[in-house]
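Residue numbers (this note's numbering), protein chains in the order written: chain B, 1 to 494; chain R, 1 to 494.
The beta carbon of each residue, even a glycine, is placed where N, CA and C say it ideally should be.
Number of protein chains: 2
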Amino acid sequence: LDLGYNLFVMLQYLALILHQECRLDPSKTVLVALSGGPDSLCLFDAIWRLGYPIIAAHLNHRLRPEAWRDAQAVKQFVGERNLTLAMSEVDVGEFADTHGLSIEEAARLVRYRFLFEQAEHFNAQAVVVGHTADDQVETVLMHLLRGAGLSGLTGMTFRSFPTSWSQTIPLVRPLLGVWREEIHAYLSERSLQPVQDASNLDTQYFRNRIRQELIPALKTYNPQIRQRIWQTAYTLQGDNELLDRAVDAAWESCHAVAGPGYVSFKIGELQVQYRGMQRRLLRRAVSLLRTGLHDIDFDTIERGTKFLNKPKYSSQIDLSGGLYVFYEEDRLWVAAWEADLPTGIWPSVEQGKALDLQVPGSLNLSGGWQFYAQPAYDISQAFSQAMGNRDPYQAWLDFNDLQFPLIVRGRLPGDRFQPLGMRGHSTKLSDMLINLKLPSRARSTWPLLLSGMDIVWIPGFRLAHPYRLKEKTRSAVHLYLTREYKDDGEGISK
Amino acid sequence: LDLGYNLFVMLQYLALILHQECRLDPSKTVLVALSGGPDSLCLFDAIWRLGYPIIAAHLNHRLRPEAWRDAQAVKQFVGERNLTLAMSEVDVGEFADTHGLSIEEAARLVRYRFLFEQAEHFNAQAVVVGHTADDQVETVLMHLLRGAGLSGLTGMTFRSFPTSWSQTIPLVRPLLGVWREEIHAYLSERSLQPVQDASNLDTQYFRNRIRQELIPALKTYNPQIRQRIWQTAYTLQGDNELLDRAVDAAWESCHAVAGPGYVSFKIGELQVQYRGMQRRLLRRAVSLLRTGLHDIDFDTIERGTKFLNKPKYSSQIDLSGGLYVFYEEDRLWVAAWEADLPTGIWPSVEQGKALDLQVPGSLNLSGGWQFYAQPAYDISQAFSQAMGNRDPYQAWLDFNDLQFPLIVRGRLPGDRFQPLGMRGHSTKLSDMLINLKLPSRARSTWPLLLSGMDIVWIPGFRLAHPYRLKEKTRSAVHLYLTREYKDDGEGISK
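Below, the structure written as structure tokens:
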């Protein structure tokens with residue numbers, strides 16, 4: 001019989017894949033996810049027949065009224081073979097509601113958490129799941145349609161360590177090279193009766209459309225399209241691995257420090273990399289800082305890459321996901337808004353102190369910063385300089401509005417400020433500083449310039465609306481902060 | 001007006017692209033392909049307005065009766081602006097027929113030949129063509145459908161050197177980031193009237209289906225699909241460049257010799273590379289040896305990669321395209337069937353000589369080869385060894401069929417041979433040697449074993465049918481060649 005031959009070939013093939021691609025040891029326990037659907041049933045039966053010590057794991061998602069019947073069928077199937085079944089149930093609908101997740105995302109989350117918990121409990125060498133070659137093609141097409149880069153187009157792999165679940169127990173997919181037709185042939189030959197596959201939830205609308213409409217349509221262009229896409233993904237996995245290793249090496253040579261919420265690069269090393277490498281380094285930095293961020297969009301990476309090649313035209317840009325990039329001395333920093341950076345090179349005034357600033361005159365602040373005030377007698381020149389100014393540590397105020405000496409101090413409770421452009425009313429300074437994305441460590445000691453009781457300038461950010469240069473202004477004060485670069489030994493060098 | 005602003009933005013954008021991506025010098029002449037269709041008309045007009053010295057080039061493909069009218073329209077358009085037009089015509093249909101090409105392939109060939117000839121003639125800094133962002137998306141989808149690896153998915157680039165046309169004049173595509181709608185807006189605002197685009201040949205059936213059916217269908221999955229695919233290709237270009245540089249480095253460390261029709265690798269270096277790198281090295285070797293081969297298929301590369309990791313299980317495998325891979329000492333060779341390899345390590349007998357081989361006995365051949373003959377008294381052992389034999393330099397013949405001494409000589413005119421499995425008649429030895437893919441240099445001195453007037457064995461290939469072990473065989477002769485490895489200084493070391 002031809003069918004017998006197929007079954008034999010299939011088992012031979014799976015034995016090879018389990019060994020070579022999944023790298024499993026036939027003498028050690030595996031935990032197999034068994035929904036009872038065709039894929040997992042085929043997978044479970046084949047691995048069992050190949051002699052692996054096996055534990056079945058079934059999770060009732062309580063998404064369909066007949067789910068308990070699936071659980072019963074699985075129980076019977078496993079029981080008949082005198083094997084161990086780990087079973088549990090979770091109300092995925094409720095879990096999705098309380099966690100603000102989609103049903104698919106919630107189902108995925110609770111399922112993998114359950115599987116890895118059980119694998120740990122039974123000391124299994126791997127969690128084995130039944131994704132097929134068709135699932136692979138659908139996954140690749142989904143990523144393509146959503147606009148993935150290379151790593152999306154690689155799809156799923158035979159063996160991986162999904163970091164959110166386990167660092168030590170791999171997730172393996174032995175059926176990744178087996179087509180749906182082959183699974184059905186296997187089941188029919190072995191006279192195995194699957195339950196309706198719980199993974200085919202009606203809610204997986206996008207994937208189902210790809211399976212039922214898009215792939216058949218693509219077959220009219222190339223009858224072998226599934227195979228071609230599968231092969232493309234497989235080849236790209238190899239390419240992606242090479243790139244990852246190349247990025248490892250470049251990261252090693254380019255990055256300066258990495259800490260909670262920040263990464264910095266040596267700008268000189270970074271700028272000599274190929275554009276493609278710069279993108280990948282930036283992408284890796286973003287992934288490190290925002291592990292939840294799945295898809296870092298094209299524009300974000302392009303803006304970041306452009307910036308890092310010409311940081312001097314602008315001191316800082318926002319990326320997406322609450323991250324920003326800025327340039328300082330010979331370092332490029334990628335940081336979360338909320339992060340306390342180790343640079344320590346912002347200007348500060350000791351808490352509780354208020355320092356007089358004469359005009360002309362200057363003050364020494366911490367970290368090598370100098371605060372200067374100069375009268376600007378040539379008012380038309382002052383106007384044109386103020387208009388063209390791109391340095392946030394420089395400002396021109398109306399001389400006649402000010403009370404001397406000016407005062408430099410840190411913030412006090414109750415401080416208010418009326419930023420340039422906001423007429424008539426002021427805002428709480430504390431809110432303002434948060435909006436300005438100042439690290440919290442910097443906020444309390446950030447230098448503020450006061451005239452009498454009014455804050456007239458927040459160096460690095462905003463000047464106060466009433467003190468701006470106006471049409472009637474006849475003379476001005478030029479204010480600026482500079483810093484002499486000093487390596488303070490903390491964070492700046494590697 | 002909004003439109004005026006768009007035109008300005010478009011020209012600004014193209015000025016930037018011409019400079020940054022196409023790397024053109026605005027003071028030097030460019031040769032622009034001008035079919036008269038929308039894309040080329042927009043391209044030509046924009047580059048002209050940006051002040052580049054410009055030559056128009058138009059080729060009449062004589063594929064449509066109205067082609068001469070397009071040529072007239074182009075002539076008038078260029079003439080009105082007092083610019084130079086290079087014009088020619090080719091009967092592409094006839095060219096396709098005589099060269100056995102498809103119409104599209106023939107049109108492409110004659111068009112680019114014409115453009116680069118003219119660019120050289122006018123000393124132009126580049127050939128400029130009008131491929132748009134839509135063309136890019138279509139190209140990527142075509143490659144995906146056909147099953148491309150990474151390099152296919154990168155699509156076209158802003159600037160390239162299509163090696164078959166010119167090593168010095170680049171081909172640039174400034175409109176690669178411009179969508180068809182933007183081209184039409186440009187034309188309508190500038191009141192330019194395109195001719196029907198000759199590139200939209202009815203024969204481009206596959207591309208037209210992608211444009212008119214597939215892309216609209218994909219838009220129902222993601223309205224931004226064109227942009228996503230474009231961005232994916234752009235990102236993959238950067239990744240592909242990184243990989244190419246990594247392959248350069250690995251090639252440098254792995255390859256031993258390369259010559260006409262062959263490449264050899266140091267097997268030790270090759271085997272420690274990542275699988276993805278091994279694939280790329282093999283792919284590069286194949287491209288070097290078969291420059292015409294566009295798509296090296298997945299299976300070929302997979303078979304080659306598997307072989308190179310376990311060459312000892314089999315001495316030689318065929319790749320596609322008339323190439324084969326074999327393993328010898330510490331080298332892996334990729335070679336064309338017809339190539340004369342520099343190894344010089346095949347066994348040979350001086351022309352005109354005939355050497356006696358006693359049983360038991362041995363002969364010294366050139367290159368360190370030894371030819372042994374031994375009686376095999378244990379006939380059942382001889383049978384089982386002969387059945388399991390995988391070494392082509394080893395054979396067992398029926399003792400009683402042979403005349404002694406056996407003779408070893410090179411081939412003579414008129415030699416015939418009856419290979420194993422071919423009953424009743426013999427074939428010309430010369431044809432046989434060609435079919436066996438022996439390098440021509442090796443053919444004339446390849447050792448043949450004779451019993452009386454009959455060639456009974458071609459070592460490394462076949463034994464003669466009448467002399468095989470048969471049911472009635474009572475004793476056998478065991479024949480084998482071995483070689484002691486000697487570095488002959490030619491080709492073996494780098």
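Who are the near neighbours of residue i in its chain, counting only those whose CB is closer than 8 Å to its CB and skipping five residues on each side?
i: arginine 474/B; result: Ile379, Phe399 and Asn400
i: tryptophan 179/B; result: Thr132, Ala133, Asp134 and Arg226
i: arginine 275/R; result: Thr305
i: glutamate 138/R; result: Arg207, Ile210, Arg211 and Ile215
i: arginine 468/R; result: Leu397, Asp398 and Leu420
Closest Cβ-Cβ distance between residue i and chain B: below 8 Å?
i: asparagine 309/R; result: no
i: threonine 29/R; result: no
i: glycine 276/R; result: yes
i: phenylalanine 298/R; result: yes
i: glutamine 231/R; result: yes
i: threonine 235/R; result: yes
i: isoleucine 225/R; result: yes
i: glycine 304/R; result: no
i: glycine 238/R; result: yes
i: arginine 228/R; result: yes
Run through DSSP, which three-state label would residue i get?
i: tyrosine 186/B; result: helix
i: aspartate 25/B; result: coil
i: threonine 482/B; result: strand
i: asparagine 364/B; result: strand
i: glutamine 394/R; result: strand
i: valine 90/B; result: coil
i: isoleucine 458/B; result: strand
i: aspartate 45/B; result: helix
i: glycine 238/B; result: helix
i: histidine 58/R; result: strand
i: phenylalanine 404/B; result: coil
i: phenylalanine 307/R; result: helix
i: glutamate 252/R; result: helix
Using a beta-carbon distance below 8 Å, is residue i in contact with chain R?
i: tyrosine 13/B; result: no
i: asparagine 222/B; result: yes
i: leucine 218/B; result: yes
Got a sec? Which residues, its chain only, sit under 7 Å from residue i by beta carbon, not counting five neighbours each side?
i: leucine 365/B; result: Pro347, Ser348, Val349, Phe371 and Pro447
i: glutamine 136/B; result: Gly155, Met156, Leu176, Trp230 and Ala233
i: proline 426/R; result: Note that residue 426/R is serine in the sequence shown, not proline. Answer for serine 426/R: Arg416, Phe417 and Gln418, listed in chain order.
Less than 6 Å between C-beta atoms, sequence neighbours within five positions excluded: which residues of the same chain meet that for residue i?
i: arginine 64/B; result: none
i: alanine 395/R; result: Trp457, Leu463 and Leu479
i: arginine 290/R; result: Gly321
i: alanine 354/R; result: Ile407 and Arg409
i: threonine 84/R; result: Ile55
Do residue j and residue i come within 8 Å of each other at the CB atom, strictly closer than that value?
i: glycine 421/B; j: threonine 445/B; result: no
i: leucine 281/B; j: glutamine 273/B; result: yes
i: tryptophan 369/R; j: arginine 483/R; result: yes
i: proline 392/R; j: phenylalanine 461/R; result: yes
i: leucine 7/R; j: glutamate 182/R; result: no
i: leucine 141/R; j: valine 127/R; result: no
i: tryptophan 165/B; j: tyrosine 112/B; result: yes
i: leucine 34/B; j: histidine 58/B; result: yes
i: leucine 150/B; j: leucine 11/B; result: no
i: glutamine 374/R; j: proline 405/R; result: no
i: leucine 31/R; j: alanine 124/R; result: yes
i: alanine 246/B; j: alanine 246/R; result: yes
Return the residues of the region 133-158 of chain B that lie within a Cβ-Cβ distance of less than 8 Å from chain R, sorted by chain order. Going along the region 133-158 of chain B in chain order, one finds Leu144, Leu145, Arg146, Gly147, Ala148, Gly149, Leu150 and Leu153 with a Cβ nearer than 8 Å to chain R.
Got a sec: which bits of the region 241-257 of chain R sit with their beta carbon under 8 Å from any beta carbon on chain B, in order along the chain? Glu241, Leu242, Leu243, Arg245 and Ala246
Please name the residues in the region 277-288 of chain B whose beta-carbon is closer than 7 Å to at least one beta-carbon of chain R, in chain order. For the region 277-288 of chain B, the beta-carbon criterion of a distance under 7 Å to any beta-carbon of chain R is satisfied by Met277 and Arg279.
Closer than 9 Å between beta carbons: that is the criterion. Which residues of the region 409-425 of chain B meet it against chain R? none
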